[in-house]
Amino acid sequence: MVINRQWKLKVKSVLILWTLLAAGSASLQAGNTFEIRKESQKELVIQIEGKAVGKYMFEHDASSKEIYHDTYKPFLHIIDPERGIKITKGPGGQFTHHRGIFLGWNRLTTSEGRFDLWHMNKGIQIHQAFTSKRLTPHDASFTSNIHWLISGEKIVMAELRKMTFSHDGRKNTIAVVDLTTRLTAKVNLELKGDPEHAGVQYRAANEINKKSTSYLFPEEKQNPRKDFDL
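Residues 3 to 232 in this note's numbering are what the sequence shown spells out, letter by letter.
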């Protein structure tokens, strides 16, 4: 995966580009049919050749403390199309705030104080609407309009998060996911965080075998806990 995470920002607008190659036992090939299907008000399903490869979880529900916890930020699941199971993490388990492919900062500072929109202790991200959905013979994409709020439901940032699914034609590729997001500050703020608690992140399911799973970075011997450029 490729990601730029040099986070110490005092800006009105920032554009982030990120790419993930999700590999598994899939047998999908380039040139397959792409589909986007909305299931109720909870998730958007991305399919290649009729098989789900991703689910964008966008529900927000404050009807109970438990449901609120499970829906306090939108995120993307990667799906194994052969078995139909999620290979990314959702709510609960070890580190409940780790959820698929998501975006956040643990140190967002405004004139009202410092807020944690990573663990979501003093903030929340709420999907507002899909501003675009696009299908071509080569890819499928959608854009989610998201409000970032701090205590008191004050909007501090507006985000346009675009996710594009494509396929590179290799036998073991599930999908290639490109994420482009534009964050626009609604108040004066500063975003800070270390490499493990800032920007775009990918979190595999707790059940993934750590010994047989490897993460590939652009350069050898990179340390994801220390390096900002990955």
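For glycine and all other residues, C-beta sits at the position ideal for the given N, C-alpha and C.
Pair every Cβ in the segment 111-128 with every Cβ in the segment 186-200, then say whether three or more of these pairs are closer than 8 Å. A contact exists between the segment 111-128 and the segment 186-200.
Tell me the DSSP secondary structure of K188 in three-state form. DSSP places K188 outside both helix and strand once states are collapsed to three, so it counts as coil.
S168 to V178 span [Cα, whole Å]: If you take the alpha carbons of S168 and V178, they lie about 5 Å apart.
Could you check what DSSP says for E222 in three-state terms: helix, strand or coil? Residue state, collapsed to three classes: coil.
Please report the straight-line C-alpha distance between R205 and P83, rounded to a whole angstrom. Spanning the two alpha carbons is a distance of roughly 18 Å.
Secondary structure at I128, three-state DSSP: helix, strand or coil? In this structure, I128 counts as strand in the three-state DSSP scheme.
In the DSSP assignment, find the unbroken alpha helix (DSSP H) run with H71 in it and report its ends. Residue range 67-72 is occupied by the alpha helix (DSSP H) that includes H71.
Reference G171, options H62, R109, H140, R136, closest by Cα: The shortest C-alpha separation from G171 is found at H140.
DSSP state of G102, grouped into three classes? The answer is coil: DSSP assigns G102 none of H, G, I, E or B.
Check whether the Cβ atoms of P76 and I126 sit closer than 8 Å, and answer yes or no. Contact: no.
Who are the Cβ neighbours of R101 in its own chain at under 8 Å, not counting the five residues just before and after it? Excluding positions up to five away in sequence, the list reads M59, K75, F77, T90, K91, G92, P93, R205.
Determine the extent of the beta strand (DSSP E) in which M122 is found, giving its start and end residues. Taken as a continuous stretch (DSSP letters only), M122 belongs to no beta strand (DSSP E), as it is neither H nor E.
Give the straight-line distance between the Cα atoms of G86 and H79, rounded to the nearest whole angstrom. Those two C-alpha atoms are separated by around 12 Å.
In the structure shown, what three-state DSSP assignment does I89 receive? Annotated three-state conformation of I89 is coil, per DSSP.
Reference M165, options N108, F132, L181, closest by Cα: Comparing C-alpha distances from M165 to each of N108, F132, L181 shows the shortest one belongs to L181.
Which residue marks the beginning of the beta strand (DSSP E) containing S146, and which one marks its end? That run of the beta strand (DSSP E) goes 141-152.
Three-state secondary structure assigned by DSSP to R39: DSSP places R39 within a strand segment (E or B) once states are collapsed to three.
Distance, Cα to Cα, E155 vs Y70? Cα to Cα, the separation comes out at about 14 Å.
Minimum C-alpha distance to Q265 - residue among G195, E198, D63: Only positions 3 to 232 of the chain appear in the structure, and residue 265 is not among them; the question remains open.
Compute the distance between the beta-carbons of G195 and R136, then report whether it is under 8 Å. Not in contact: G195 and R136 (Cβ atoms no closer than 8 Å).
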